[in-house]
Amino acid sequence: MMRARVPLLLLGILFLASLSASFATSLREEEESQDNPFYFNSDNSWNTLFKNQYGHIRVLQRFDQQSKRLQNLEDYRLVEFRSQPETLLLPQQADAELLLVVRSGSAILVLVKPDDRREYFFLTSDNPIFSDHQKIPAGTIFYLVNPDPKEDLRIIQLAMPVNNPQIHDFFLSSTEAQQSYLQEFSKHIPEASFNSKFEEINRVLFAEEGQQEGVIVNIDSEQIEELSKHAKSSSRKSLSKQDNTIGNEFGNLTERTDNSLNVLISSMEMKEGALFVPHYYSKAIVILVVNEGEAHVELVGPKGNKETLEFESYRAELSKDDVFVIPAAYPVAIKATSNVNFTGFGINANNNNRNLLAGKTDNVISSIGRALDGKDVLGLTFSGSGEEVMKLINKQSGSYFVDGHHHQQEQQKGSHQQEQQKGRKGAFVY
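All letters in the sequence shown, in the order written, are residues -24 to -1, 1 to 406 by mature numbering (1 follows the signal peptide of the UniProt record, and there is no 0).
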């Protein structure tokens, strides 16, 4: 009897050891995947909803599935659309509010309203100040044309689902890629609705003969010309009072707030070697999308998911179509490793402020020093005296965007000291 129990005991021990090893491996993999929960790599973060020879539609994975730290973004999705010259995205409606921004190229957007009303918009990325954008209310039927005979159209959309975190596109058409949602009704419903036999309805609306290959199709130049007659410019205009623009020879940033959506839209360009000095947003969670170029980003945030006074840096090398999330109050610095431009969406944008931690203008640290008894406060805050802190801050004559090449060698020499300081309570690590 004892001999029979020994093998069973050994099997039990081996099973527990295997289970423990498997759990440890999965835990390590989870921790590794969360090394930078704010970074979405373009190679594996976009899911393709549709693709054919004329273009594609992709959606970024859900923010809250990437990390618990991004739970406040569970009601927001990013959708990317790209189409070749002289193409049409067939009519559809979505169960989401959409905020559409043109990344490159031009578009004719048609919104279909009740009572035979239509709105036509001409959108372009050619505006040197701010790429055109347009809001599409949830449930509004719309279609989109790339009228250019040579250039691809690239669009990024911030989607705010009204049903649940998933977003659904409802296409009227039946194509080789999908069925029309009208086909899902029982036969007697379309027969009564259209006052026609189902055979005729099926032939006219759903027959396989004459179906398009997919939801992005080719369109001829005469149809484009007719649509262009109705199209009007959307957001292509001089800066409004709601716009906030900063910039110099190293870069520029323009921000515009849609108060009805509580969303900020930003357009930023930086020259190679430029540094956007450390700064943070008071309320807005910023979703940054790389349109073209490359950049190095460093974000400082709490260590781990718990409430703590320990901080660490989250670094990423960004390239085209990468996405990076900047939570509210988290200091961030961005350095352009090539000429680079971004589109950004800021959630919780109403009454939001941008606070600079370096530079000559809008520097909140120097604001402390200029206040009554401020230098005494700075002296208690930092290791040097208040006068020494102000002298150090005033050495930077630039604002917002500065020359990032200037002290690169000194930064590399000091990197070892930064690593030693990593994890100290209250330490900003860049």
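Using N, Cα and C, we set each Cβ at its ideal position, and we do this for glycine too.
Legend entry - Beta-carbon separation (whole angstroms), Y119 vs P67, contact threshold 8 Å: That belief holds up - the Cβ atoms of Y119 and P67 are roughly 5 Å apart, short of 8 Å.
Legend entry - Neighbour-count burial assignment, V55, 16 or more Cβ in a 10 Å radius: Taking all protein chains shown into account, V55 has 16 or more neighbouring C-beta atoms within 10 Å of its C-beta and is therefore buried.
Inset, instruction - Verify whether the separation of the beta carbon atoms of G322 and N328 is less than 8 Å. - result: yes
Legend entry - Euclidean distance between Cα positions of E176 and S43: One C-alpha to the other measures close to 51 Å.
Inset, instruction - Mind checking which residues open and close the alpha helix (DSSP H) that includes A70? - result: Taken as a continuous stretch (DSSP letters only), A70 belongs to no alpha helix (DSSP H), being part of the beta strand (DSSP E) at 63 to 70.
Inset, instruction - For the alpha helix (DSSP H) holding G345, just list the boundary residues, first then last. - result: Annotation: the continuous alpha helix (DSSP H) that includes G345 extends over 340 to 346.
Legend entry - H32 - DSSP class collapsed to helix/strand/coil: strand
Legend entry - Sequence-distant residues of the same chain with beta carbon closer than 6 Å to M244, five excluded per side: L229, F318
Legend entry - Spatial distance of S307 from P141 (CA atoms): Here the sequence assigns Pro to residue 307, which means Ser is not the residue at that position. Per the coordinates, the alpha-carbon of P307 lies some 28 Å from the alpha-carbon of P141.
Legend entry - Secondary structure of I200, DSSP reduced to three states: Helix, per DSSP.
Inset, instruction - Consult DSSP for A183 and reduce its assignment to one of helix, strand or coil. - result: coil
Inset, instruction - Report the rounded CA-to-CA distance for D11 versus D379, giving the unit in angstroms. - result: 29 Å
Legend entry - For V308, three-class secondary structure by DSSP: Under the three-state reduction of DSSP, V308 is assigned to strand.
Legend entry - Below-8 Å beta-carbon distance, I33 vs any chain D residue: No chain D is part of this structure, which consists of one protein chain only.
Legend entry - Nearest-angstrom Cα separation, counted from I222 out to L76: 23 Å
Legend entry - Buried versus exposed, by CB contacts within 10 Å (16 or more), K282: Here K282 is exposed, its C-beta having fewer than 16 other C-beta atoms within 10 Å.
Legend entry - Among L99, S107, F98, V88, the one whose alpha carbon lies nearest that of A114: Of the candidates L99, S107, F98, V88, V88 places its Cα closest to the Cα of A114.
Inset, instruction - Thinking S258 and A309 are a contact (beta carbons under 8 Å), I'd like their distance in whole angstroms, please. - result: With a Cβ gap of about 17 Å, S258 and A309 do not count as contacting.
Legend entry - Neighbourhood of L294 by C-beta, 7 Å cutoff - its chain only, sequence neighbours within 5 removed: V266, E270, A271, V273, F300
Inset, instruction - Could you check which residue in L203, L85, E225, P303 has the C-alpha nearest to that of T116? - result: L85
Inset, instruction - For H109, count neighbouring Cβ atoms within 10 angstroms of its own Cβ and tell me buried if that reaches 16, exposed if not. - result: Sixteen is the threshold: when 16 or more other Cβ atoms of the shown chains lie within 10 Å of the Cβ of H109, as they do, the residue is buried.
Inset, instruction - Flag this pair as yes or no: are the beta carbons of A135 and R53 separated by less than 8 Å? - result: By the CB criterion at 8 Å, A135 and R53 fall inside the cutoff.
Inset, instruction - Pick out whichever of F26, L65, F14 has its Cα sitting closest to the Cα of Q41. - result: F14
Inset, instruction - Return the CA-CA distance between S82 and S197, expressed in angstroms with no decimal places. - result: 15 Å
Legend entry - Through-space distance from S172 to P166, alpha-carbon basis: The alpha-carbon atoms of P166 and S172 are separated by roughly 8 Å.
Inset, instruction - Put T357 into one of helix, strand or coil per three-state DSSP. - result: Looking at T357 - three-state DSSP - the assignment turns out to be helix.
Legend entry - F16 vs L46 beta-carbon contact at 8 Å: no
Inset, instruction - Closer than 6 Å by C-beta to N339: which residues in its own chain qualify, once you throw out the five before and the five after it? Chain order, please. - result: L332
Legend entry - Unbroken beta strand (DSSP E) run spanning H255, endpoints: 250 to 257
Legend entry - Distance between beta carbons of V365 and G345, contact taken as under 8 Å: 6 Å
Legend entry - Exposure label - H164; buried when at least 16 CB within 10 Å: exposed
Inset, instruction - Provide the residue span of the alpha helix (DSSP H) that contains P166, from first to last. - result: 164 to 170
Inset, instruction - Could you tell me which residues DSSP pairs with Q41 in its beta bridges? - result: According to DSSP, which records beta bridges pairwise, Q41 is partnered with nothing at all.
Legend entry - Pairwise C-alpha distance: L148 and R179: 15 Å
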